[in-house]
Amino acid sequence: MKNIAIFGAPGAGKGTQSDFLVNEYTLNHISTGDLLRREMALGTPLGLQIKDTMDSGHLVGDDIVEAMIEKAIASDTQGMLFDGFPRNTAQAEVLDRLMAKYHRTLDAVVCLEVPEDELVRRMLERAKVSGRSDDNEATIKNRLQEYHHSTAPVADYYRSRGKLITVNGLGDIATIAADIKNAIDSL
Ligand code: AMP
């Protein structure tokens, strides 16, 4: 049973490669972004609470996502793919604590590297079809800022623990997937 996290800036291709990883290793896909968007779509009290933050491209409170993650880990029976979590080092520390609590191990963190101009190009392209309220030019700027400020240090957190796998996220989807698989299988 494997537990993997996929990491990268918005637009790096985490969603696309998550689909591959989930099928390849039969993992439970835990996307905090999807879970949060579902709350908004259902109009739950939590969904209403987070809407402005999500729409502005900023991160929602750690306590909110941590509660979702704990629920997902507690009920998992097949191995997990964390997508969009952890987003800051405090969340990374919580993930360590929760994995220990539920007797799991995070095997690897796959980091997709894509140059900034390509990230923006992809997000603007996706904005035309995604229907996501945070896929627009102003919000994209905030999301990239959040990434550089809060999320990028998470790579160092895992690098120093020997868990970071860095993959070039430029190129065709199948080649990137094959690179990820090679790296994971040679762990
Ligand atoms: P994503 O689908 O991963 O791009 O996430 C979309 C939005 O959901 C982000 O811009 C944040 O507002 C929120 N979000 C997703 N994951 C997290 C997280 N781990 N911590 C805080 N906010 C998150």
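Throughout the sequence shown, residue numbering follows my numbering, covering 347 to 533 in sequence. From the three backbone atoms N, C-alpha and C, an ideal C-beta is built for every residue, glycine too.
- In this structure, what does DSSP give as the bridge partners for D429? Along the sequence shown, one-based indexing puts residue 429 at 83. The partner list for D429 (beta bridge, DSSP) reads I352, S377.
- Heavy atom of the ligand AMP within 7 Å of D365 beta-carbon: On the sequence shown, residue 365 is found 19 positions in, with the first residue counted as 1. The answer is no for D365.
- Below 8 Å on the Cβ atoms is my guess for V455 versus A351; work out the distance and round it to an integer in Å. Walking along the sequence shown from the start, residue 455 turns up at place 109. Walking along the sequence shown from the start, residue 351 turns up at place 5. Right, their Cβ atoms sit about 5 Å apart.
- Report all residues from its chain with a CB closer than 8 Å to the CB of A387; omit the five preceding and five following residues, and keep chain order. As a first step, residue 387 must be located in the sequence shown, where it is residue number 41. Excluding sequence neighbours, A387 sits near G393.
- C-alpha gap between F353 and L458, whole angstroms: Numbered from 1 along the sequence shown, position 7 holds the residue referred to as residue 353. Numbered from 1 along the sequence shown, position 112 holds the residue referred to as residue 458. Using only the alpha carbons, I get a separation of about 6 Å.
- Query: In chain order, what residues of the same chain have a beta carbon less than 6 Å from the beta carbon of A403, not counting five sequence neighbours either side?
  - Reply: Against the sequence shown, residue 403 aligns to sequence position 57. The sequence given here places Gly at residue 403; Ala does not occur at that position. Counting only Cβ-Cβ distances below 6 Å, and skipping sequence neighbours, we find D480, T485, N488, R489.
- Taking just the CA atoms, how far does D518 sit from S377? As a working note, residue 377 is residue 31 in the sequence shown. As a working note, residue 518 is residue 172 in the sequence shown. Between the alpha carbons of S377 and D518 lies a distance of about 23 Å.
- Pairwise C-alpha distance: I396 and I522: Numbered from 1 along the sequence shown, position 176 holds the residue referred to as residue 522. Numbered from 1 along the sequence shown, position 50 holds the residue referred to as residue 396. Spanning the two alpha carbons is a distance of roughly 33 Å.
- Query: Which partner residues does L510 have in the DSSP bridge list?
  - Reply: In the sequence shown, the residue the question calls residue 510 occupies position 164. Per DSSP, V455.
- Message: Let me check you understand the geometry: is the CB of F431 closer than 7 Å to at least one non-hydrogen atom of the ligand AMP?
- Response: Position 85 of the sequence shown holds residue 431. F431 Cβ: within cutoff of the ligand AMP.
- Item | L392 - DSSP class collapsed to helix/strand/coil | Taking the sequence shown and counting its residues from 1, the one referred to as residue 392 is at position 46. In this structure, L392 counts as helix in the three-state DSSP scheme.
- Examine the ligand AMP and report whether any of its heavy atoms sits within less than 7 Å of the Cβ of P356. Taking the sequence shown and counting its residues from 1, one reaches residue 356 at position 10. Yes, the Cβ of P356 comes within 7 Å of a heavy atom of the ligand AMP.
- Item | Nearest candidate by alpha-carbon position, reference P499, set K527, A473, A436 | Locating residue 499 in the sequence shown gives position 153, where the first residue counts as 1. When each option's Cα is compared against that of P499, the closest is A436.
- So what does DSSP say about H495, is it helix, strand or coil? Within the sequence shown, numbered from 1, the residue matching residue 495 stands at position 149. In this structure, H495 counts as helix in the three-state DSSP scheme.
- Query: First and last residue of the alpha helix (DSSP H) that includes G361?
  - Reply: Walking along the sequence shown from the start, residue 361 turns up at place 15. Looking at the DSSP string, the run of the alpha helix (DSSP H) that includes G361 is 360–371.
- Task: Quick one: residues in its chain with C-beta nearer than 8 Å to the C-beta of S496, no 5 flanking neighbours on either side, listed in chain order?
- Result: One-based indexing of the sequence shown puts residue 496 at position 150. The answer, listed in chain order, is L405, R433, N434.
- Query: In terms of residue numbering, what span does the alpha helix (DSSP H) encompassing R450 cover?
  - Reply: Start at 1 with the first residue of the sequence shown, and residue 450 comes out as number 104. That residue, R450, is in no alpha helix (DSSP H); it is neither H nor E in DSSP.
- Message: Does the CB of N434 have a neighbour CB from chain C at under 8 Å?
- Response: No chain C is present in this structure, which holds just one protein chain.
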